[in-house]
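Trainee:
Residue numbers (the numbering used here), protein chains in the order written: chain P, 364 to 687; chain L, 364 to 687.
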């Protein structure tokens, strides 16, 4: 790799002179400048991070850490963040963490060395101390963290309540819940909303909450099991759309008619819910607006050194489709 | 940002001494070493790329450039590459290029500055000269490029032929094709395979090839259109599984029975094809093996400076499901 030293030695000038030319700062004779530029071209030199950071203070790169690239919600979120970042002249790199704390920490440390300008983080394992230690401006997206860091979330608790209220409004009187993990604030709060809405129902002594493992396959299995034990269930609230797809396939495989005999509602608003038969009703998150907001807040931190900590909470919206 | 110079000045030693401590090389007095380590800890110093590269010659990071993060094929491929990379002690970063040449070049140049050790590239716009110019060890995946660079692909032409042959074997005598773009070698070759298989059919004068835009929605529209014009079509080969899902939904919306009146086959073998009703027959790519091979070949280039150019061609496999 060509270094700034090589350029200096080739051009027969000091490293400081090369840096002045690179940054167009300070007094450099025209002739010397041409000499340095020739050396840069000849050696195919590209200023690396250290140089670049010493000189300009930024790399024009943002990293996005997401827990599961195979759940379409995150690619859709990544696309919206990428568009917003590109509009501001930033390039986005993606890091898939599998929600694994040691992978998350490895990324944070690697990104720090790589001098990424900012980070958008979706994590349910790190606390704000661990995040702030990296020293890189960061906003947390999708999942609540403690309060020392700027976050963008949706009102998952209210969304959960609204989903169940809607199922009740259309006549469901025994509603099951396909849940995410209690370690993840977003799905934990959706479950809380579900519990709040059903706590006075006569069948409350039976536990109608089953785990969906964030996958259509897991959710398929759990749905088959709970519908076999409780054939009188006539509404299911799945904690995300991917799991709602699993519910739908399970219900169809049992020859139960949707929505006549059983209604299904998901959460997220990903495109997948529009291509199933029937299409799936969902509590839709404003994915584009959230991505845009994350980038806006990050830009303020990166470019204007804004230290303010804010919590943006977006509202989810009921989108009625054929499954209810 | 703390630099190696700050550490040296804080510890009252030379930069060279700090570098010897960082890399555990050369003779450094125990006392001096402790002093440097104290300075590193106190200043929260993390060696950046330049330092790290000068010292150890690698960043232990691989980048993967993919054209469309919202097509589940690429997240599945990324996951397999990530597992293989992690096993070798490498961290993977993902770059979503939208198949846009200027974005691809921006990434290559940014990654070069960031001193990524290697790149796995899925691109249909760059030639090998542009790729090799970055100076970073690179393997090309999924799409054929010219021959100056190591590539991992599947036999798309044979796969296309096999898909159509299977539809004929089960009795389809009028087969349409939902195509990708001719700019992309993989889907272009699948189309070639289709054409080869139908070129002697009596209905060849009618053009039954329609564009699917790599999305379920586009493919849905194209399918409705072609089935309205040609209601006697009884088989459809979609150039990828996402488009096959669009075909399935379109066919169902026209109340045509699958597979009784019309059979559908896709390409890729993504999980999505297993959760539709009916499940979708596909020409499956060995996604895990391809990802693993890409990392293996890249490791050879990165660690053993292997300059050999190879072309690995994997075979696709017919997976029969309910849509045929």
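C-beta: ideal position from N, C-alpha, C; glycine also.
Computed from a predicted model, the values in this text were never measured in an experiment.
1. Counting only Cβ pairs nearer than 7 Å, list the residues of chain P close to residue 454 (chain L).
2. State the DSSP-derived secondary structure class of residue 428 (chain L), mapped to helix, strand or coil.
3. For residue 640 (chain P), go through chain L and note every residue whose CB falls closer than 9 Å to its CB, in chain order.
4. On the three-state DSSP scale, how would you describe residue 574 (chain L)?
5. Taking C-beta pairs closer than 8 Å, name the residues in chain C that residue 432 (chain L) reaches, listed in chain order.
6. When you compare the CB positions of residue 428 (chain P) and residue 444 (chain P), do they come within less than 8 Å of one another, or not?
7. Between the segment 610-624 of chain L and the segment 463-474 of chain L, are three or more C-beta pairs nearer than 8 Å?
8. Contact check, residue 422 (chain P) vs residue 479 (chain P) under 8 Å by CB: the rounded distance?
9. Against chain P, with Cβ distances strictly below 8 Å, would residue 579 (chain L) count as a contact?
10. Would you check if the distance between the CB atom of residue 481 (chain L) and the CB atom of residue 665 (chain L) is smaller than 8 Å?
11. Can you list, in chain order, the residues of its chain whose CB lies under 7 Å from that of residue 389 (chain L), leaving out five sequence neighbours each side?
12. For residue 658 (chain P), would you say it is in contact with chain L, using Cβ-to-Cβ distances shorter than 8 Å as the test?
13. What separation, rounded to the nearest whole angstrom, lies between the Cα atoms of residue 590 (chain L) and residue 544 (chain L)?
14. Under 8 Å, do residue 539 (chain P) and residue 627 (chain P) count as touching if we go by C-beta distance?
15. List the endpoints of the continuous alpha helix (DSSP H) containing residue 522 (chain P).
16. Sort out for me which residues DSSP pairs residue 674 (chain P) with in a bridge.
17. Measure the C-alpha to C-alpha separation of residue 435 (chain L) and residue 641 (chain L) and round it to an integer number of angstroms.
18. Check whether the Cβ atoms of residue 752 (chain P) and residue 369 (chain P) sit closer than 8 Å, and answer yes or no.
19. Ends of the beta strand (DSSP E) at residue 459 (chain P)?
20. Taking C-beta pairs closer than 7 Å, name the residues in chain P that residue 608 (chain L) reaches, listed in chain order.
21. If I measure Cβ to Cβ from residue 454 (chain L) and keep anything under 8 Å in the same chain, skipping five residues before and after, which residues do I get?
22. CA-CA distance, residue 372 (chain P) and residue 379 (chain P)?
23. If distances are taken between C-alpha atoms only, which option among L:521, L:560, L:524, L:503 comes closest to residue 515 (chain L)?
24. Less than 6 Å between C-beta atoms, sequence neighbours within five positions excluded: which residues of the same chain meet that for residue 606 (chain P)?
25. Count Cβ pairs between the segment 509-529 of chain L and the segment 555-563 of chain L that sit closer than 8 Å; are there 3 or more?
26. Kindly say whether residue 622 (chain P), judged by its beta-carbon, lies nearer than 8 Å to any beta-carbon of chain L.
27. When the Cα atoms are used, what is the spatial distance from residue 639 (chain L) to residue 385 (chain L)?
28. If the criterion is Cβ atoms closer than 8 Å, does the pair residue 457 (chain P) and residue 456 (chain L) meet it?
29. Could you confirm whether any beta carbon from chain L is found closer than 8 Å to the beta carbon of residue 383 (chain P)?
30. I'd like to know if residue 594 (chain P) contacts chain L, where contact means its C-beta is closer than 8 Å to some C-beta of that chain.
31. How would you list, in chain order, the residues of chain L whose beta-carbon sits under 8 Å from the beta-carbon of residue 500 (chain P)?
32. Can you pull the chain L neighbours of residue 445 (chain P), defined as C-beta to C-beta under 9 Å?
33. Identify which residue in P:599, P:400, P:391 has its Cα closest to the Cα of residue 534 (chain P).
34. Would you identify the three-state DSSP class for residue 639 (chain L), choosing helix, strand or coil?
35. Are residue 673 (chain P) and residue 513 (chain P) closer than 8 Å when you measure CB to CB?
36. Opposite residue 568 (chain P) in the DSSP bridges: which residues?
Mentor: Working from what's here:
1. Residues of chain P passing the Cβ test: 469, 470, 473.
2. Here residue 428 (chain L) sits in strand by DSSP.
3. Listed along chain L are 611, 612, 615, 616, 639, 640, each with a C-beta nearer than 9 Å to that of residue 640 (chain P).
4. Strand at residue 574 (chain L).
5. As a matter of chain content, chain C is missing from the structure shown, whose protein chains are P and L.
6. No, the pair does not count as a contact, with Cβ atoms beyond the cut-off.
7. The answer is no - the segment 463-474 of chain L does not touch the segment 610-624 of chain L, with fewer than three Cβ pairs under 8 Å.
8. Sure, about 6 Å apart at Cβ, within 8 Å.
9. Closer than 8 Å to the CB of residue 579 (chain L) there is at least one CB belonging to chain P.
10. Yes, they are a contact pair.
11. Non-local beta-carbon contacts of residue 389 (chain L) in its own chain, meaning distances under 7 Å to residues more than five positions away in sequence, involve 383 in chain order.
12. No, residue 658 (chain P) lies away from the interface with chain L (no Cβ there is under 8 Å from its Cβ).
13. If you draw a straight line from the Cα of residue 590 (chain L) to the Cα of residue 544 (chain L), it comes to about 21 Å.
14. In this structure, residue 627 (chain P) does not lie closer than 8 Å to residue 539 (chain P) by Cβ.
15. Counting along the chain, the alpha helix (DSSP H) containing residue 522 (chain P) begins and ends at 519-532.
16. BP columns for residue 674 (chain P) point to P:514.
17. C-alpha separation (whole angstroms): 19 Å.
18. Beyond the ends of chain P as shown, which are 364 and 687, falls residue 752 (chain P); an answer cannot be given.
19. 454-459 is the extent of the beta strand (DSSP E) around residue 459 (chain P).
20. Those within 7 Å of residue 608 (chain L) in chain P are 638.
21. Closer than 8 Å at the Cβ level, and outside the excluded window around residue 454 (chain L), lie 423, 424, 425, 448.
22. When rounded, the separation of the alpha-carbon atoms in residue 372 (chain P) and residue 379 (chain P) is 12 Å.
23. Per the C-alpha coordinates, the member of L:521, L:560, L:524, L:503 positioned closest to residue 515 (chain L) is L:503.
24. These residues qualify, in order along the chain: 541, 575, 582.
25. Taking 8 Å as the limit for Cβ pairs, the verdict is that the segment 555-563 of chain L does touch the segment 509-529 of chain L.
26. No, residue 622 (chain P) lies away from the interface with chain L (no Cβ there is under 8 Å from its Cβ).
27. Rounded to whole angstroms, residue 639 (chain L) to residue 385 (chain L) spans 55 Å at the Cα level.
28. A distance below 8 Å separates the beta carbons of residue 457 (chain P) and residue 456 (chain L).
29. Not one chain L Cβ lies under 8 Å of residue 383 (chain P).
30. Under the Cβ distance rule, residue 594 (chain P) does not count among the residues neighbouring chain L, no pair being separated by less than 8 Å.
31. Those within 8 Å of residue 500 (chain P) in chain L number zero; the least Cβ separation is about 13 Å.
32. Near residue 445 (chain P) (Cβ distances below 9 Å), the residues of chain L are 432, 459, 461.
33. Distances from the alpha-carbon of residue 534 (chain P) to those of P:599, P:400, P:391 put P:599 closest.
34. It is coil, neither helix nor strand.
35. Residue 513 (chain P) sits close to residue 673 (chain P), with the two beta carbons spaced by under 8 Å.
36. Residue 568 (chain P) is not bridged to any residue.
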